[in-house]
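Q: Numbering (the working numbering), first residue to last: 59 to 446. We treat Cβ as the ideally placed atom computed from N, Cα and C, and that holds for glycine.
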């Protein structure tokens, strides 16, 4: 009997040992698969600027998540190197991290603000998706914090999106008549078009050069202006790139995901939201090409600013910059910057690009949350002419 019991115990121990080894093998395989999925996702996100979303939209979506994917790859790579002692996975993570560095430095540059040199004049350009000067954070406010920011900004030129005139801020926003009068006093030159959701405020005379509002392109529009700023003839494009057209309910699903209700919300996300985002990326690619075509025909100093609805490193962003434009934040900013603030979607989607004998020496972001976007302002130095 004792022999039989001993044999049974050994058999059970063997089974238990086999089961534990099987679990260890399956767990190891799962870690390998998850690691490679993370590495591939980060790589696609880092290279999204070179993958046309009309062909494949997934990399554009991953580009929005690139900072998190890059940091995740870094952490997992270190764990494979120091804990699991796997050089293969550690080297794989290292290759991905290096391949993504150009996109990472575009999202999180390491430049510092500068100062104008002797003989250089400066001016400021503010871009702001003002959400019609309402107040999503303080809906009971009796004045417009958005207009208050503009009034005290010191900007020479203000490019507004989701704002087509000042009078409508009194009727549907939070602006007071006194605020509107103050803005008009500071910016006597105003350009608005009731067909467009964009507006320009300027301290200097303005001439409209071109208007684009293609139908069925998710609210894509831009307007270009010619402004002489302190002796510099400058073209400015005020841009609103195609949006994702997500409903409030769909945005709330994204909120749930970020608040921890991941599985249930992700199943909802797989349907309409991902489809809408894929369509938006494709439409934005066509919109970017439209801007590229215009920029290539436009001579002289140029600034493009506004709500791009996409992050640095994306296909649309890289496409527009490929015309020889520089990024003001890359030239004068340090670390990541978030310009959208609702629904836990903390992305840098408001851009200021430029070319010509000007240099970005400072970029700042307002912190008020009256709109779903933060206002962004760049200070430029007009480079002094070289004496012969």
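Under the assumption that residue 267 contacts residue 284 (Cβ atoms under 8 angstroms), give the Cβ distance between them as a whole number of angstroms.
A: Between residue 267 and residue 284, the beta carbon gap of about 5 angstroms places them in contact (Cβ cut-off 8 angstroms).
Q: With DSSP as the reference, label residue 90 as helix, strand or coil.
A: helix
Q: Which of helix, strand or coil does DSSP assign to residue 149?
A: helix
Q: Between the alpha carbons of residue 184 and residue 145, how many angstroms are there, rounded?
A: Rounded to whole angstroms, the gap between the alpha carbons of residue 184 and residue 145 is 49 angstroms.
Q: Work out the CA separation of residue 141 and residue 365 for me, nearest whole Å.
A: 44 angstroms
Q: Have a look at residue 350 and residue 251 and give me their C-alpha separation to the nearest angstrom.
A: 23 angstroms
Q: Taking the DSSP output, what are the residues bridged to residue 411?
A: In the DSSP output, where bridge partners are listed per residue, residue 411 has 362 and 385.
Q: Let's test the definition: count the other Cβ atoms within 10 Å of the Cβ of residue 197 and tell me whether it reaches 16, buried, or not, exposed.
A: exposed
Q: According to DSSP, what are the bridge partners of residue 293?
A: 284 and 360
Q: Does DSSP put residue 437 in a helix, a strand or coil?
A: Three-state DSSP puts residue 437 in a strand.
Q: Does residue 401 come out as helix, strand or coil in the three-state DSSP assignment?
A: Three-state result, residue 401: coil.
Q: Roughly how many angstroms lie between the CA atoms of residue 98 and residue 271, to the nearest whole one?
A: 37 angstroms
Q: If we count the other Cβ atoms within 10 Å of its Cβ and call it buried at 16 or more, is residue 281 buried or exposed?
A: buried
Q: Expressed to the nearest angstrom, what Euclidean distance is found between the alpha-carbon atoms of residue 278 and residue 205?
A: Residue 205 has its alpha-carbon roughly 24 angstroms from the corresponding atom of residue 278.
Q: When we look at the beta-carbon of residue 114 and count the other beta-carbons within 10 Å, is it buried (16 or more) or exposed?
A: exposed
Q: Put residue 256 into one of helix, strand or coil per three-state DSSP.
A: strand
Q: For residue 425, is the classification buried or exposed, using 16 other Cβ atoms within 10 angstroms of its Cβ as the cut-off for buried?
A: The residue in question, residue 425, is exposed, as its Cβ has fewer than 16 Cβ neighbours within 10 Å.
Q: Given a cut-off of 8 angstroms, decide if residue 134 and residue 105 are closer than it, judged by their beta-carbon atoms.
A: Taking 8 angstroms as the Cβ cut-off, residue 105 and residue 134 do not qualify as a contacting pair.
Q: Enumerated in chain order, which unbroken segments of the alpha helix (DSSP H) with a length of 4 residues or greater are wholly contained in the stretch 188-216?
A: 203-209
Q: Buried or exposed: residue 138, going by 16 or more other Cβ atoms within 10 Å of its Cβ?
A: Buried, because 16 or more other Cβ atoms sit within 10 Å of the Cβ of residue 138.
Q: How would you write the range of the alpha helix (DSSP H) that residue 351 sits in, first residue to last?
A: Boundaries of the alpha helix (DSSP H) around residue 351: 332-355.
Q: By the three-class DSSP mapping on this structure, what secondary structure does residue 161 have?
A: helix
Q: Quick check: the Cα distance between residue 256 and residue 212, rounded to an integer number of angstroms?
A: 20 angstroms
Q: Just to confirm my understanding: we take residue 421, look at its own chain, exclude 5 residues before and 5 after, and list those with CB closer than 6 angstroms. What are they?
A: Closer than 6 angstroms at Cβ, skipping near neighbours: 386, 387, 390, 391 and 436.
Q: Kindly indicate the opening and closing residues of the beta strand (DSSP E) around residue 113.
A: Note, residue 113: premise wrong, no beta strand (DSSP E); not H, not E.
Q: Could you pull the start and end residues of the beta strand (DSSP E) that residue 420 belongs to?
A: 416-423
Q: With a 10 Å radius around its C-beta and 16 neighbouring C-beta atoms as the bar for buried, classify residue 289 as buried or exposed.
A: exposed
Q: So the candidates are 438, 396, 149 and 432; which of them puts its Cα closest to the Cα of residue 361?
A: 438
Q: What's the call for residue 165, buried or exposed, on a 16-neighbour Cβ count within 10 Å?
A: Classification for residue 165: buried.
Q: Around the C-beta of residue 94, are 16 or more other C-beta atoms found within 10 angstroms, so that it is buried, or is it exposed?
A: So residue 94 counts as exposed.
Q: Could you tell me the boundaries of the beta strand (DSSP E) in which residue 248 lies?
A: 247-250
Q: CA-CA distance, residue 236 and residue 199?
A: When rounded, the distance between both Cα atoms is 15 angstroms.
Q: Using only alpha-carbon positions, find the residue among 219, 117, 177 and 107 that is nearest to residue 430.
A: 219
Q: Would you check if the distance between the CB atom of residue 154 and the CB atom of residue 101 is smaller than 8 angstroms?
A: Yes, they are a contact pair.
Q: I need the boundaries of the beta strand (DSSP E) containing residue 265, first residue and last residue.
A: 264-270
Q: Buried or exposed: which applies to residue 177, given that a residue is buried once 16 or more other Cβ atoms fall within 10 Å of its Cβ?
A: By the 10 Å Cβ count, residue 177 comes out exposed.
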